[in-house]
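Enquirer:
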Amino acid sequence: MGFFTDTSVCIGCKACEVACKEWNDVPADGLDLLGMSFDNTGQLDANSWRHVAFIEQPAPDGSGDMRWLMASDVCKHCTHAACLDVCPTGSLLRTEFDTVVVQADICNGCGYCISACPYGVIGRREGDGRAWKCTMCYDRIGAGLQPACATACPTQSIQYGPLDELRERAQARLEALDRPEARLYGHDPGDGVGGQGAFFLLLDEPEVYGLPPAPVATTRDLPRMWKRAGLAALTMAAAVAVSFLGRRP
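Counting along the sequence shown from 1, when you hit position 62 you're at 62 in UniProt numbering, and nothing is skipped either side.
What follows is the structure in structure tokens.
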């Protein structure tokens, strides 16, 4: 199961942010604006599991007008999730819905998952010390309900369902838009994270939305590194053994 977020119909209402906080009892971020935008959260972190980005830029038609690009960002629930690989306590786990959640009750606050995430999604809550992020409302979907954010979205910008169906729907939507600047992001199972459980239709380059253009699981080389380290250790042990065997009594 996963999310498809169609940013072309996002109106920046922040209903998803509010619904997420209310259902999951996520602390408030405060009411201060950031100075150059109507955005008051700024990024995903321990207290913002959904973040609506407000991006103002000149219209691409050269008219001199401005346009808003709005997008509700969320944890990507990667197929190859680096956060899972590095968690020493098993706090992070993959559910039966193929989503990734944090079990806060056994999180030791080490922060390894924070540095491992290629999207900067996970954060440590001040005064708490543990890692927190989107669970895709695991308790709701387990009861046959939609995640709170998708339920609250008035334009169906956020859609929830089986990933195969969402990918087909996203491709059809991309073709219907027929806009050269539109693109799908995170839908490809062959990308650096094995495909995202939350992917997007964007109206500009990923970098414009603060997304990495070619994300890669930060732990993808770990098996090869451990293999090389093991071979090096065996070689060293063999060399030491030969040196002792070669000595005269």
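Backbone N, C-alpha and C fix where the C-beta goes; we use that ideal spot for every residue, glycine too.
Keep in mind the model is a prediction, meaning the values are calculated, not measured.
(1) For the 8 Å Cβ check, are there 3 or more pairs between the region 179-199 and the region 12-30?
(2) For residue 253, I'd like the list of residues in its chain whose CB is within less than 6 Å of its CB, leaving aside the five on either flank, ordered along the chain.
(3) Along the chain, which unbroken stretches of the alpha helix (DSSP H) at least 4 residues long are found entirely within the region 9-63?
(4) Let's see if you can read the secondary structure: which residues bound the beta strand (DSSP E) around P6?
(5) Can you have a look at Q196 and say buried or exposed, based on whether 16 or more other CB atoms are within 10 angstroms of its CB?
(6) Taking the beta strand (DSSP E) that A71 falls in, what are its first and last residues?
(7) What distance in whole Å lies between the Cβ atoms of T5 and S72, which are believed to be in contact at a cut-off of 8 Å?
(8) Since A150 and I158 should fall inside the 8 Å C-beta cutoff, what is the C-beta to C-beta distance between them, to a whole number of angstroms?
(9) Would M66 be called buried (16 or more neighbouring beta carbons within 10 Å of its own) or exposed?
(10) Check each candidate in W68, D191, C78, D29 and name the one with the smallest Cα separation from L203.
(11) Which of the three DSSP states is assigned to Y185 in this structure?
(12) Note down the Cα distance separating K227 from G190, rounded to an integer number of angstroms.
(13) Rounding to the nearest angstrom, what Cα-Cα distance links Y160 and D128 in this structure?
(14) Sort C107, C113, L201 by Cα distance to V86 and report the nearest one.
Expert: Here's the rundown:
(1) With contact defined as three or more Cβ pairs closer than 8 Å, the region 179-199 and the region 12-30 are not in contact.
(2) Not covered by the structure: residue 253. The range shown for the chain is 1 to 249.
(3) The region 9-63 is shown to contain whole alpha helix (DSSP H) runs of 4 or more residues at 15-24, in chain order.
(4) Residue 6 is actually Asp in this sequence, not Pro. It spans 2-6 - the beta strand (DSSP E) in which D6 sits, taken as one unbroken run.
(5) Burial of Q196 is indicated by the presence of at least 16 other C-beta atoms within 10 angstroms of its C-beta.
(6) From DSSP, the beta strand (DSSP E) with A71 extends over 66-74.
(7) Indeed they touch by this definition, with Cβ atoms about 6 Å apart.
(8) The beta-carbon distance between A150 and I158, rounded to whole angstroms, is 5 Å. This is short enough to meet the 8 Å contact definition.
(9) Flag for M66 reads exposed.
(10) The residue with the shortest Cα to Cα distance from L203 is W68.
(11) Strand, per DSSP.
(12) With a pLDDT of only 48 at K227, under 50, the local geometry of the prediction cannot be trusted, and no value is derived from it.
(13) In a straight line, the C-alpha of Y160 is about 30 Å away from that of D128.
(14) From the listed residues C107, C113, L201, the smallest Cα separation to V86 is found for C113.
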